[in-house]
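One structure is given here, and the rest of the page talks about it.
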Amino acid sequence: MKGGWLPFCLLLSACGGLPSPAERHQQADRLAATRDWTAIRLPAGPFGLTAYVPARPAASDSLTIYIEGDGLAWINRSRPASDPTPLEPVGLQLALAQPVGNAAYLARPCQYAETGQAACETAYWTGRRFAPEVIEAMQQGIDRLKQRFGARRLALVGYSGGGAVAALAAARRTDVDLLVTVAGNLDSAAWTRLHRVSPLAGSLNPADDTTRLAGIRQIHLAGGRDTVVPPAIAAGYADRFSASERPAVRIEPAFDHRCCWVDAWPRISTEILSLPAR
Numbered sequence: 212m213k214g215g216w217l218p219f220c221l222l223l224s225a226c227g228g229l230p231s232p233a234e235r236h237q238q239a240d241r242l243a244a245t246r247d248w249t250a251i252r253l254p255a256g257p258f259g260l261t262a263y264v265p266a267r268p269a270a271s272d273s274l275t276i277y278i279e280g281d282g283l284a285w286i287n288r289s290r291p292a293s294d295p296t297p298l299e300p301v302g303l304q305l306a307l308a309q310p311v312g313n314a315a316y317l318a319r320p321c322q323y324a325e326t327g328q329a330a331c332e333t334a335y336w337t338g339r340r341f342a343p344e345v346i347e348a349m350q351q352g353i354d355r356l357k358q359r360f361g362a363r364r365l366a367l368v369g370y371s372g373g374g375a376v377a378a379l380a381a382a383r384r385t386d387v388d389l390l391v392t393v394a395g396n397l398d399s400a401a402w403t404r405l406h407r408v409s410p411l412a413g414s415l416n417p418a419d420d421t422t423r424l425a426g427i428r429q430i431h432l433a434g435g436r437d438t439v440v441p442p443a444i445a446a447g448y449a450d451r452f453s454a455s456e457r458p459a460v461r462i463e464p465a466f467d468h469r470c471c472w473v474d475a476w477p478r479i480s481t482e483i484l485s486l487p488a489r
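Just so we're aligned, residue 212 is where the sequence shown starts under our numbering, counting upward by one.
See the structure below:
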């Protein structure tokens, strides 16, 4: 069984159909337009990344960057998707729901990609979704967003598999004041064992980077009803830290992998982003 197919099969069953990549891109454009945000393209090594930003951003010392989940990685157990653009861009919805402070959204490599992007091999949304070259591309995208906003300090917020990317990026940066994950896959090895799927060969694992992450303030949010990335994943990751450095794990008992993060995000993000730095 292939790693990472499960969440997407469940979503396809619920939707009863598969919108085209162009339709998924249009959906994201429409969502962004409701808050007067616009899409931009960011060169990032072999990839071109899509970001959504406010049409008229205000300069600020701090910026919160939201990183999307894995998107549509698999159609079924044996068939990877031809395009990983999300059916439901929860990461974008979270970014748009942040009520105060500068925010931007960064999609993963090959999501919302231009047609024919040479680097977009299937491996980059299946087994190598957290590969070193993927994390390096995301770092370049983060750097470009930081420059665009004139920011000095960052908060990184990752949804689902985007939580792994956010953690891996934070471990390699010196400008991250806060790492937040929402239903985040913080231990890909434990996650693949849990679901009895193939390991993510070629990918980095945030759980192996706890030494570098120990000095960063972290808050990891999990849904009590989440069967895709259950709370045990975040708890096991947190247990790798010493007692004095153990990151906060907050469980929302009634939430699952998708419900009800976006609706609650104005409240949750206001609480989290207003907490004093370490």
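Built from N, CA and C at the ideal position, the CB exists for glycine as well. Source: prediction; values computed, not measured.
_Residue range of the alpha helix (DSSP H) that includes proline 477_ = 472-484
*Distance between glycine 373 and leucine 283 (C-alpha atoms, nearest Å)*: 13 Å
*Among Arg319, Arg340, Thr438, Asp388, nearest to arginine 428 - alpha-carbon criterion*: Asp388
*DSSP-derived helix/strand/coil call for phenylalanine 360*: helix
*Would a C-beta distance cut-off of 9 Å place valine 368 and threonine 481 closer than the cut-off?*
no
*Do you know how far the Cα of arginine 288 is from the Cα of valine 408?*
9 Å
*Figure out for me which residue from Leu229, Trp402, Leu253, Ser485 has the closest Cα to the Cα of alanine 324.*
Leu253
*asked:* Relative to the C-alpha of glycine 228, which candidate in Ala269, Leu298, Tyr263 has its C-alpha closest?
replied: Leu298
*What are the start and end residues of each continuous alpha helix (DSSP H) run of 4 or more residues lying completely inside the region 234-300, in chain order?*
none
*asked:* On the CB-based measure, 16 or more other CB atoms within 10 Å of its CB, does glutamate 463 come out buried or exposed?
replied: buried
*Below 9 Å between beta carbons: does that hold for threonine 422 and tyrosine 448?*
no
*Using only alpha-carbon positions, find the residue among Gln351, Arg363, Lys357, Val376 that is nearest to alanine 342.*
Val376
*asked:* So for glutamine 429, helix, strand or coil by DSSP?
replied: strand
*Under 9 Å between C-beta atoms of serine 271 and glycine 361*: yes
*Looking at the unbroken alpha helix (DSSP H) that takes in threonine 403, where does it start and where does it end?*
399-406
*Could you have a look at tyrosine 554 and say whether DSSP puts it in helix, strand or coil?*
With the chain represented from 212 up to 489, any question about residue 554 goes unanswered, as that position is not in the structure.
_Using the Cβ count rule (16 or more neighbours within 10 Å means buried), how would you classify alanine 266?_
exposed
*asked:* In the DSSP assignment, the alpha helix (DSSP H) including arginine 340 goes from what residue to what residue?
replied: That residue, arginine 340, is in no alpha helix (DSSP H); it is neither H nor E in DSSP.
_Below 8 Å on the Cβ atoms is my contact criterion, and I expect leucine 307 with alanine 239 to pass it. Report the Cβ-Cβ distance as a whole number of Å._
Rounded, the Cβ-Cβ distance is 10 Å, inconsistent with contact.
*Specify the secondary structure class of glutamate 347 as computed by DSSP and reduced to three states.*
helix
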